[in-house]
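The structure under discussion appears below in the form of structure tokens.
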Amino acid sequence: MKNVHVSTIGYLTKGSHPVVLFVQSQYWTRNSVFFPQISNSEIAGVDVRIFKPQGVTGLVPGFIYLHGGSWSMLDSETYDNPLSNISRELNVVVIGVDYRLAPEFPFPYPYDDCLAVTKFILNNGELYGIDTMRVGIGGDSAGGNLAAAVLYTLRNEQQQPAVKSHVSIYGVLQVCDFTLPIYQTRAKYEKHFKAQALYLTGLYLNLTESQLDLFMYGDFSTPELDTLCKKYVNLNYLPSELLFEGYERGDHVAEEVTEDVRTLSKIVANPLISPLLVEDLSGLPTTLVLSVGWDILGDENQIYAGRLKAAGVKVTSVHMKESFHGCFNLYHIGFRSGVRALNTVKKFLKETL
Numbered sequence: 051m052k053n054v055h056v057s058t059i060g061y062l063t064k065g066s067h068p069v070v071l072f073v074q075s076q077y078w079t080r081n082s083v084f085f086p087q088i089s090n091s092e093i094a095g096v097d098v099r100i101f102k103p104q105g106v107t108g109l110v111p112g113f114i115y116l117h118g119g120s121w122s123m124l125d126s127e128t129y130d131n132p133l134s135n136i137s138r139e140l141n142v143v144v145i146g147v148d149y150r151l152a153p154e155f156p157f158p159y160p161y162d163d164c165l166a167v168t169k170f171i172l173n174n175g176e177l178y179g180i181d182t183m184r185v186g187i188g189g190d191s192a193g194g195n196l197a198a199a200v201l202y203t204l205r206n207e208q209q210q211p212a213v214k215s216h217v218s219i220y221g222v223l224q225v226c227d228f229t230l231p232i233y234q235t236r237a238k239y240e241k242h243f244k245a246q247a248l249y250l251t252g253l254y255l256n257l258t259e260s261q262l263d264l265f266m267y268g269d270f271s272t273p274e275l276d277t278l279c280k281k282y283v284n285l286n287y288l289p290s291e292l293l294f295e296g297y298e299r300g301d302h303v304a305e306e307v308t309e310d311v312r313t314l315s316k317i318v319a320n321p322l323i324s325p326l327l328v329e330d331l332s333g334l335p336t337t338l339v340l341s342v343g344w345d346i347l348g349d350e351n352q353i354y355a356g357r358l359k360a361a362g363v364k365v366t367s368v369h370m371k372e373s374f375h376g377c378f379n380l381y382h383i384g385f386r387s388g389v390r391a392l393n394t395v396k397k398f399l400k401e402t403l
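Quick note: the sequence shown uses our numbering, first residue 51, plus one each step.
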């Protein structure tokens with residue numbers, strides 16, 4: 051695996067799961083069987099990993115996958131098991147995008163890479179055996195953020211052929227409110243999780259040291275951003291059972307609106323960074339929103355599904371209450387929620403591509 055940052059891994063040892071996933075993923079990749087043909091290449095100047103089912107003749111659907119890893123670690127090889135399974139069982143060419151990683155390459159580099167590959171496949175997919183009228187895009191965590199941002203851009207540009215289906219797996223959809231119910235629930239049990247998440251997000255946003263301090267301490271918002279955030283990260287779309295008794299929504303309005311605060315608020319409000327802050331979500335492709343219960347991103351994903359439905363987008367929303375962030379990569383070692391997540395994605399793609 052080439053896209054791994056030792057400094058980032060070191061910081062994360064306080065919480066440990068990403069480290070464990072990274073170490074184990076190399077073992078799983080080397081010892082899995084029945085893979086399709088896998089090759090590394092470049093598309094539009096971006097590193098990609100291509101999964102092509104054996105014995106394919108003619109054009110087949112394509113699925114562009116944007117990996118997770120907080121924009122700063124992992125790569126498509128980490129996802130060899132689920133992506134190979136999708137390619138083999140659905141007879142789909144899967145393109146895993148190895149976008150450039152923060153902190154060396156902060157926003158907009160990862161987004162630019164994903165957009166470039168997606169446009170190239172939509173316009174030239176035949177070169178890879180892909181039917182350009184049957185292309186889907188998906189991603190998990192940071193990759194879910196990038197997929198949503200790419201789709202927002204393609205919709206605005208009226209790209210044709212258009213992406214046909216969208217898979218959003220516990221994506222990062224907003225960075226304006228860290229007081230949602232799941233954040234408060236997890237804070238009772240985990241000391242460092244939010245600091246880790248905000249630190250890695252800050253790397254992607256290319257924040258200065260002073261801006262990162264404001265961001266991590268929750269003192270970064272103008273009143274205007276707070277109003278925008280509460281309008282579009284709308285708790286009315288959150289199932290009532292997730293609003294625990296006594297819940298009070300907080301805010302991140304700064305005591306003093308400095309230049310750093312104004313800059314941070316502008317960054318956070320960018321729909322390419324916070325796709326949930328897009329005013330109009332209509333015109334997006336048929337979407338699967340898969341969320342999990344033990345995940346700080348769970349609430350915003352359910353809100354995203356609700357807003358997409360309200361905008362007229364055809365949505366399949368699946369909430370795996372007893373599962374956790376990262377389960378998509380764990381189906382092949384016996385995690386039932388991992389099997390369910392992968393099967394949910396495959397069923398959706400089979401029906402929509």
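For each residue, glycine too, the CB sits at the ideal point set by N, CA and C.
All of these numbers come straight from a predicted model, not from anything done at the bench.
- The beta carbon of F265 sits closer than 7 Å to the beta carbons of L248, G252, L257 and L314 from its chain, once the five residues preceding and following it are set aside; these are given in chain order.
- If the five residues before and after Y159 are omitted, its C-beta is found closer than 7 Å to the C-beta atoms of R150, all from its own chain and listed in chain order.
- Taking 8 Å as the cut-off, the beta carbon of Y354 is found no closer than this to the beta carbon of V342.
- Annotation: G333 to L201 spans about 10 Å, alpha carbon to alpha carbon.
- G112 is bridged by DSSP to V143 and V185.
- Judged by DSSP secondary structure, S215 falls within the beta strand (DSSP E) whose first and last residues are S215 to I219.
- If only complete runs of 4 or more residues are kept, the stretch 258-300 shows the alpha helix (DSSP H) at 259-266 and 273-282, in order along the chain.
- With contacts defined by Cβ atoms closer than 8 Å, P335 and L292 do not form a contacting pair.
- The beta carbon of R312 sits closer than 6 Å to no other beta carbon from its chain once the five residues preceding and following it are set aside.
- The Cβ-Cβ distance between Y161 and A199 falls below 8 Å.
- When rounded, the separation of the alpha-carbon atoms in L275 and I317 is 10 Å.
- Assigned with DSSP and collapsed to three states, D148 falls in coil, not helix or strand.
- Here E372 carries a strand assignment [DSSP, helix/strand/coil].
- In the structure shown, the three-state DSSP call for N320 is coil.
- When rounded, the separation of the alpha-carbon atoms in P289 and R299 is 15 Å.
- Within the DSSP bridge table, the entry for S367 names V339 as partners.
- In this structure, the CA atom of F243 is about 14 Å from the CA atom of G268.
- Beta bridge pairing from DSSP links E92 with D97.
- Under the DSSP assignment, P103 falls outside any alpha helix (DSSP H); it carries neither an H nor an E label.
- By the CB criterion at 8 Å, G175 and G194 fall outside the cutoff.
- Annotation: the continuous alpha helix (DSSP H) that includes C164 extends over Y159 to N174.
- Taking C-beta atoms as the reference points, L278 and L327 count as a pair closer than 8 Å.
- Per DSSP, E305 lies in no alpha helix (DSSP H) segment and is marked neither H nor E.
- Assignment of beta strand (DSSP E) within the stretch 189-250, counting only whole runs of 3 or more residues, yields 215-219 in chain order.
- Taking 8 Å as the cut-off, the Cβ atoms of E350 and Q234 do not count as close.
- The distance from the Cβ of I114 to that of V167 is about 7 Å, consistent with a contact at the 8 Å cut-off.
- Residue nearest to P111 within the set Q352, S120, L177 and G189 is L177 (criterion: CA-CA distance).
- Closest in C-alpha terms to L403, from the list K102, L140 and D190, comes L140.
- In this structure, the straight-line span from the alpha carbon of D125 to that of G356 is close to 30 Å.
- Put simply, the backbone Cα of Y287 is about 12 Å away from that of S367.
- Of S134, D227 and S191, the smallest CA-CA separation from K280 is found for D227.
- I353 sits in a helix when the DSSP states are folded into three classes.
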